[in-house]
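Report on one structure; see the data block that follows.
Number of protein chains: 2
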Amino acid sequence: MSETSLPLYEAMSTLRAVRRLREDPIPDDVLKRILQAATWGPSGGNLQPWRLVVVRDAVLKQELGRLYKPLWERYAAGHRQGLAGLEGEALAKQERMLAAADHLGDHLGAAPVILVACFNPRLMAITDAELDRPSVVGGGSVYPAIQNLMLACVNEGVGCTLTTLLCYAEDQVRNLLEIPGDWYTCAFIPLGYPVGKGHGPISRRPMEKMCYGDRFGDPL
Amino acid sequence: MSETSLPLYEAMSTLRAVRRLREDPIPDDVLKRILQAATWGPSGGNLQPWRLVVVRDAVLKQELGRLYKPLWERYAAGHRQGLAGLEGEALAKQERMLAAADHLGDHLGAAPVILVACFNPRLMAITDAELDRPSVVGGGSVYPAIQNLMLACVNEGVGCTLTTLLCYAEDQVRNLLEIPGDWYTCAFIPLGYPVGKGHGPISRRPMEKMCYGDRFGDPL
């Protein structure tokens, strides 16, 4: 909860999904710094083809939570089936993640703030739209802003996690939040002060496995 | 070019597209800090469904530049037609952007590094894939990492800009960089020390126009 900032690399290397959130409100000045960080995000042609709906109304949040719970339960059932081959620490790690995500499934609506990110594809040049494979390029004008706001959450001591399951209920979310027809949803981010330790150490594949030199698969 | 980091909000608020790049090489330690920042990026299920091909080979870069130039020229022609209604400073600003982007169109292959980001949709849960509108959610597991690396560029004094036009030439890029069939391209980021001032002040819509309270369009 600070007007100063963490060193960049410290914020990046401690941004983790925080799924157990306290119900205490987030002060307006803290929330505004988080939203300001999103606004700084780059986008194609600087058209900023996204908007954030900052949901704090208790009834609206409860309704989002009611929509989220069965979507999470369905997703979690599939995910749990995929764990059959795991054991030891790898399994324990997945179980801890699932326990926290189950908690979020039951309590999304109790987060003090739920951010709902919307986008307008007419403001995007989606260069992979016509390719015969899933398109992702539209996200290049939205998720940089989302990453900025999540990094700002680290700075402000606010827990957050990026969820997208509510896209399956986009029509209901549209009605609930009065989203016009040319805008769609792409991220749902509950915010709140952490119940536990919050942001901290993260686990990632080593750089050498993620980055190649000159040709795909060649060592850097 | 520093092992320390800028304050988070300073990096975010000065990340701009830098399109005029010097040909001097980027030292390995600087490049590795930039790539490390990408690796820290969050992704759905922490599956990190992206890889970066770090292209430094002169012949490969020239070929990417050769593929990029006509795509940029076609895009720029369309964009210039859309400027018909502008005048004064708004027009001048667009003209400056286009001049820098024309320069990049002619010189992409001369950048010391071109990063080519690839993704594998089989490692993504794309929750908006079946909706009757453009899908963007897959980008939520790639562009946070890309934003991290671009923020790291600010920290390191390295110019960068996110481009996606080469998706139109994905087949040729695939052959050139030996990208396997289940991976696709989603970002092409030339890196280099800036010819001019590099990163600095940015122009964005005010937060009040980007963020709404409880319902789309309502004031925060």
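These protein sequence lines map, in sequence, to chains F and C.
Numbering that gives the first Met the number 0 puts the first residue of the first sequence at 0, with every later residue one more than the last.
Numbering that gives the first Met the number 0 puts the first residue of the second sequence at 0, with every later residue one more than the last.
C-beta atoms are modelled at their ideal positions from N, C-alpha and C, and glycine is treated no differently.
Endpoints, beta strand (DSSP E) assigned at residue i
{"i": "A144(F)", "result": "Per DSSP, A144(F) belongs to no beta strand (DSSP E); it is in the alpha helix (DSSP H), 142-155."}
{"i": "T184(C)", "result": "183-191"}
{"i": "L130(F)", "result": "Where L130(F) is concerned, there is no enclosing beta strand (DSSP E), given that its DSSP letter is neither H nor E."}
Start and end residues, alpha helix (DSSP H) containing residue i
{"i": "I25(F)", "result": "No alpha helix (DSSP H) contains I25(F), which DSSP labels as neither H nor E."}
{"i": "V58(C)", "result": "57-80"}
{"i": "R173(F)", "result": "169-176"}
{"i": "G212(C)", "result": "No alpha helix (DSSP H) contains G212(C), which is instead part of the beta strand (DSSP E) from 210-212."}
{"i": "L220(C)", "result": "Since the first residue of chain C shown is 0 and the last is 219, residue 220(C) is not available in this structure."}
{"i": "G87(C)", "result": "87-106"}
{"i": "L7(F)", "result": "7-11"}
C-alpha gap between residue i and residue j, whole angstroms
{"i": "S42(F)", "j": "L161(C)", "result": "9 Å"}
{"i": "N119(C)", "j": "W49(C)", "result": "6 Å"}
{"i": "L5(F)", "j": "A36(F)", "result": "13 Å"}
{"i": "A57(F)", "j": "P143(C)", "result": "30 Å"}
{"i": "R55(F)", "j": "D127(C)", "result": "25 Å"}
{"i": "M0(C)", "j": "L190(C)", "result": "Note that M0(C) scores a pLDDT of 43, beneath 50, so its modelled location is shaky; the value from the coordinates is reported in the next line. Taking the straight line from one Cα to the other gives about 13 Å."}
{"i": "P205(F)", "j": "M11(F)", "result": "15 Å"}
{"i": "F187(F)", "j": "L34(F)", "result": "14 Å"}
{"i": "N174(F)", "j": "R79(F)", "result": "32 Å"}
{"i": "N45(C)", "j": "G84(C)", "result": "46 Å"}
{"i": "D105(C)", "j": "R15(F)", "result": "40 Å"}
{"i": "Y167(C)", "j": "P69(F)", "result": "39 Å"}
{"i": "Y304(C)", "j": "V115(F)", "result": "Shown here, chain C extends from 0 to 219; a query on residue 304(C) therefore has no answer."}
{"i": "G177(C)", "j": "V172(F)", "result": "According to the sequence displayed, residue 177(C) carries Glu and not Gly. Their backbone Cα atoms lie some 42 Å apart in a straight line."}
{"i": "G180(C)", "j": "M96(C)", "result": "35 Å"}
{"i": "L66(C)", "j": "C185(C)", "result": "15 Å"}
{"i": "T13(C)", "j": "Y74(F)", "result": "39 Å"}
{"i": "D131(C)", "j": "R121(C)", "result": "21 Å"}
{"i": "D213(C)", "j": "L90(F)", "result": "39 Å"}
{"i": "R19(F)", "j": "A124(C)", "result": "22 Å"}
{"i": "G156(F)", "j": "D27(C)", "result": "33 Å"}
{"i": "C152(C)", "j": "K31(C)", "result": "11 Å"}
{"i": "L103(F)", "j": "D23(F)", "result": "16 Å"}
{"i": "G139(C)", "j": "P218(F)", "result": "26 Å"}
{"i": "C117(C)", "j": "G137(F)", "result": "15 Å"}
{"i": "H198(C)", "j": "E94(C)", "result": "19 Å"}
{"i": "K208(C)", "j": "E72(F)", "result": "35 Å"}
{"i": "I113(C)", "j": "Y192(C)", "result": "13 Å"}
{"i": "V141(F)", "j": "V141(C)", "result": "11 Å"}
{"i": "V53(C)", "j": "L164(F)", "result": "33 Å"}
{"i": "R21(F)", "j": "K92(F)", "result": "23 Å"}
{"i": "A110(C)", "j": "C159(C)", "result": "10 Å"}
{"i": "A99(F)", "j": "G195(F)", "result": "11 Å"}
{"i": "L150(C)", "j": "L150(F)", "result": "11 Å"}
{"i": "Q146(C)", "j": "L59(F)", "result": "31 Å"}
{"i": "W182(C)", "j": "P133(F)", "result": "11 Å"}
{"i": "G220(F)", "j": "V17(F)", "result": "Outside the displayed range of chain F (0 to 219) lies residue 220(F), so it cannot be described from this structure."}
{"i": "D101(F)", "j": "E169(F)", "result": "21 Å"}
{"i": "L51(F)", "j": "V135(F)", "result": "20 Å"}
{"i": "T38(F)", "j": "V29(F)", "result": "15 Å"}
{"i": "N154(F)", "j": "L148(C)", "result": "18 Å"}
{"i": "Q220(C)", "j": "I25(F)", "result": "Since the first residue of chain C shown is 0 and the last is 219, residue 220(C) is not available in this structure."}
Cβ-based burial, residue i [other Cβ within 10 Å; buried from 16]
{"i": "G256(F)", "result": "Residue 256(F) is absent from the structure shown; chain F starts at 0 and stops at 219."}
{"i": "Q61(C)", "result": "exposed"}
{"i": "G87(F)", "result": "exposed"}
{"i": "P200(C)", "result": "exposed"}
{"i": "S202(F)", "result": "exposed"}
{"i": "T3(F)", "result": "exposed"}
{"i": "A76(F)", "result": "exposed"}
{"i": "G81(C)", "result": "exposed"}
{"i": "G216(C)", "result": "exposed"}
{"i": "E129(F)", "result": "exposed"}
{"i": "Y8(F)", "result": "buried"}
Per-residue contacts from residue i into chain D (C-beta, under 8 Å)
{"i": "F215(F)", "result": "You won't find chain D in this structure, because its protein chains are F and C."}
Residues sharing a beta bridge with residue i, DSSP
{"i": "V53(C)", "result": "G212(F), L114(C)"}
{"i": "C159(F)", "result": "L190(F)"}
{"i": "L20(F)", "result": "P193(F)"}
Residue i CB to nearest heavy atom of the ligand GTP below 7 Å
{"i": "N154(F)", "result": "Summarising the ligand content, the structure contains no ligands, and the ligand GTP is consequently not present."}
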